[in-house]
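**Q**
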Ligand code: CAA
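In my numbering, the protein residues as written are 1 to 258.
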C-alpha cells in the first residue's frame, strides 16, 4: 500500500513507521493520522511482526496536531466528529508493543502519540511539551492524563499550564522516557531493542503489556490478582515449555507464539 505522509518498512520482525511531513515538522493532520492507523493495524495483523517502532525526523518526532487544519474547527463539529477519537487512539489500541523513537520536537499531539506508546527512547536532542495552552486550548489526545501519570501532578501542571518544554535529560529524570541516547545512535538503539522484544514469545509479550497497563487502571490488589491470573495462563502455552526447556538445556529459546 502506498502512503503519502508516512514511510512504512519492515526490518526482520519489526515494523517501522516514519512520520514524513517535513514541511510542517510532522504535524499530525487527518491524512497522516489515518495512514498511521492503517499501518499499525496492518502490523498488528501480521503474524511475523513482534514489535512496532514509530519515529519522525531529526528535527521533529511531531510538532503536534496540524494547527492550520484545526484552526477553523467548531465545538459542534469536534463533538459530532469525535475529533480526538478514531485514529488518534490507534496507538493505544494496538496490542503489540509500540516504541517511540523521539528526536527533536515532540509537542502537543506529537508528545501525546509518544505518551501512548509503550516505551519512549529519546535522542539527546528531544524536546517534550504540551503547548496547547498557548493556542487557547488544552491537550486533547490524552496528555493531561498520561503525562500526569508519567511525571506526577506538579511537573504535569507546570508543563500544561505554562507550555514549557522539557529537555531529553529532564524527561529521563522525570521518568517520561526510559532512556536517552546520542542522536546518532537513536535508531540503532531502538531497532535493536524492538528486535529483542520481537524475538520473545509474542503471547507472553502481549500478556505482559496488558498486565503492566493494568497498573494504571486498577487498585494494587486488583492489579496483583490480574498479574497472578495472567502468569498462570502462560503455563498453557508451548512457548513457556520451550523457554524453560531452553534454559535448562543451555540453548536459545525458539518461540513460536503458540
Ligand atoms: N501544525 C501545523 N503546522 C506546523 C505545526 C503544527 N503543529 N508545527 C509547525 N508547523 C509548521 C510551521 O507553520 C512552519 O510552516 P511554514 O514554513 O509554512 O510557516 C513549519 O512547520 C516549520 O515550523 P517553524 O517555522 O515554526 O519552525 P521553528 O523551528 O521556528 O519552530 C516549533 C519549531 C517550536 C515546533 C514551532 O513550529 C511550533 O511551536 N509549532 C507548534 C507547536 C504546537 O503548538 N503544538 C501543539 C498543537 S495543538 C495539539 O497538538 C492539540 C492536541 O492535543 C492534539
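In this text, a Cβ means the ideal position worked out from N, Cα and C, and glycines have one as well. None of the values given here were measured: they were computed from a predicted structure.
Count the CB pairs spanning the region 112-129 and the region 150-166 that are closer than 8 Å, and state whether there are at least three.
**A** Judged by Cβ distances under 8 Å, the region 112-129 makes contact with the region 150-166, as three or more pairs qualify.
**Q** Could you give the DSSP three-state label for residue 214: helix, strand or coil?
**A** In the structure shown, residue 214 sits in a helix (DSSP, three-state: H, G or I).
**Q** Should residue 67 be listed as close to ligand 1, given that the test is whether its C-beta is under 7 Å from any heavy atom?
**A** Yes.
**Q** Comparing the CB of residue 100 with every heavy atom of ligand 1, is any distance shorter than 7 Å?
**A** Flag unset: Cβ of residue 100 not near ligand 1.
**Q** Can you check whether the CB of residue 191 is closer than 8 Å to the CB of residue 53?
**A** Yes; because the gap between Cβ atoms is below 8 Å, this pair is in contact.
**Q** Using three-state DSSP, classify residue 126 as helix, strand or coil.
**A** It is coil, neither helix nor strand.
**Q** Pick helix, strand or coil for residue 86, following the three-state DSSP scheme.
**A** If DSSP states are grouped into helix, strand and coil, residue 86 belongs with the helices.
**Q** In its own chain, which residues sit with a C-beta less than 7 Å from the C-beta of residue 158, not counting the 5 before and 5 after it?
**A** Cβ neighbours of residue 158 beyond the five flanking positions: 164.
**Q** Based on Cα-Cα distance, which residue from 90, 222 and 160 lies nearest to residue 113?
**A** The shortest Cα separation from residue 113 among 90, 222 and 160 belongs to 90.
**Q** Is residue 202 helix, strand or coil when you go by DSSP?
**A** DSSP places residue 202 in helix when its eight states are reduced to three.
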